[in-house]
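Right, one structure below, let's go through it.
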Amino acid sequence: MGFLQNADVGSLLLIGVGCAVLCVVGLLLFFGLQILGTSLHTIVGLVELVSGIVNGGPLAWCGCITVLFICAIVIGGTLLFANCQANPTSMNFCLFFR
1099 MGFLQNADVG SLLLIGVGCA VLCVVGLLLF FGLQILGTSL HTIVGLVELV
1149 SGIVNGGPLA WCGCITVLFI CAIVIGGTLL FANCQANPTS MNFCLFFR
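Rendered as structure tokens:
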């Protein structure tokens, strides 16, 4: 108890402020690390889901590319047909639709 005889108000105030700052920093680290961990877990889960779809095997991967290619052809054909209906003299391809 001899150390309390030398304590003044300034040092006690400094110790109290230091403890309060440590508590606030500890709480921020606790909640911040939980938020960061949850966010990273979600992002990693989405990446694993996409990689699982793409890397489902050679047949699943080829099927996925084939479906995407067919979708691109259908969308491109639809846009081309809509353009031909708007301006029939724009391309020679539009003559097929007359």
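Be aware that the sequence shown starts at 1099, since it is given in my numbering, and climbs by one per residue.
Glycine included, every Cβ here is placed at the ideal spot set by N, Cα and C.
Asked                                                                                                                                                                     : Found
Taking the alpha-carbon positions, what's the C1182 to I1163 distance?                                                                                                    : 28 Å
Take T1140 and list the residues in its own chain whose beta-carbon comes closer than 6 Å to its own, dropping the five residues that flank it on each side.              : none
Excluding the 5 residues preceding and the 5 following I1168 in the sequence, name in chain order all residues of the same chain whose CB lies nearer than 7 Å to its CB. : none
Report the residue ranges of all alpha helix (DSSP H) runs contained in full by the region 1099–1183; include only those spanning at least 4 residues, in chain order.    : 1107–1152
State the Cα-Cα distance for the pair L1126 and V1148, rounded to the nearest angstrom.                                                                                   : 33 Å
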